[in-house]
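Chains as they are written, first to last, in our numbering: chain A, 174 to 277; chain B, 3 to 116. We put the CB at the ideal spot given by N, CA and C, even for glycine.
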Amino acid sequence: GDKVKQSPSALSLQEGTNSALRCNFSIAATTVQWFLQNPRGSLINLFYLVPGTKENGRLKSAFDSKESYSTLHIRDAQLEDSGTYFCAVPKVVFGTGTRLQVLP
Amino acid sequence: EAAVTQSPRNKVAVTGGKVTLSCNQTNNHNNMYWYRQDTGHGLRLIHYSYGAGSTEKGDIPDGYKASRPSQENFSLILELATPSQTSVYFCASGAEQNSGNTLYFGEGSRLIVV
């Protein structure tokens with residue numbers, strides 16, 4: 174089965190609302206990375222995390238290595254947040270992705 | 003600005019032909035990676051490298067070879083291309099694991115094998 178599972182697999186949000194994406198690992202992970210693949214296909218780095226939390230603007234991510242999961246919180250969703258979000262753990266195994274659509 | 007450049011960006015190949023996808027990075031990163039992205043599978047690791055002269059098998063290496071002749075360049079080679087290798091391929095570079103540096107991706111190479 175998938176070593177890195179993401180949920181939900183797809184999500185539609187109204188502009189201005191909040192949501193959380195989750196990444197569960199069945200392999201030991203000491204770090205986690207989050208990426209956004211925009212509608213053009215480009216992969217954009219969002220976060221690189223050791224256990225703990227990081228915040229960048231409207232995005233906040235948390236990583237719990239003992240419980241083997243990470244979350245990505247999106248606050249006040251904007252249209253440009255639309256795309257597919259991936260988490261990845263060393264040796265850079267990617268999750269299956271969460272496709273996010275922000276609706277006006 | 004970290005830069006990873008892939009070529010070609012688009013390629014149509016015939017079954018049984020040889021395909022080489024090239025990747026160049028100007029980040030001076032030791033680690034480089036090749037992934038393929040298919041609907042329903044996310045990104046899957048094909049081969050990776052820890053530095054010039056090294057190549058390691060990823061999760062789905064069958065049907066692919068890799069070559070890392072220098073720090074900057076990492077190639078993915080399909081000796082006998084098959085239609086199942088039709089996909090979008092991404093190259094990435096990164097510093098040492100757990101160093102605090104993340105991955106930088108190229109723009110992707112779309113390969114169609116007919």
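- In this structure, A:Phe-208 is the residue among A:Phe-208, A:Asp-237 and A:Gly-225 with its C-alpha nearest to the C-alpha of Leu-219 of chain A.
- Using a C-beta cut-off of 8 Å, the segment 36-56 of chain B makes contact with the segment 68-77 of chain B, since at least three inter-stretch Cβ pairs fall below that distance.
- For Thr-104 of chain B, the nearest beta carbon of chain A is closer than 8 Å to its own beta carbon.
- Burial is judged here by how many other beta carbons sit within 10 angstroms of a residue's own beta carbon; Val-275 of chain A has at least 16 and is buried.
- No Cβ-Cβ contact shorter than 8 Å links Gln-73 of chain B with Ala-97 of chain B.
- Taken atom to atom, the span from the alpha-carbon of Tyr-242 of chain A to that of Val-16 of chain B is near 42 Å.
- Rounded to the nearest angstrom, the gap between the Cα atoms of Asp-254 of chain A and Arg-112 of chain B is 24 Å.
- Gly-214 of chain A reaches chain B at Val-90, Glu-109 and Gly-110, counting residues in chain order whose Cβ is nearer than 8 Å.
- Glu-228 of chain A: member of the beta strand (DSSP E) spanning 225-229, first to last residue.
- In the structure shown, the three-state DSSP call for Glu-253 of chain A is helix.
- Residue state for Gln-87 of chain B is assigned as helix, using DSSP reduced to three classes.
- Close to Gln-206 of chain A, with beta-carbon spacing below 8 Å, are these residues of chain B in chain order: Thr-104 and Leu-105.
- C-alpha of Gly-42 of chain B to C-alpha of Gly-225 of chain A: approximately 30 Å in a straight line.
- Contact with chain B is absent for Thr-244 of chain A, since none of that chain's Cβ atoms lies less than 8 Å from the residue's Cβ.
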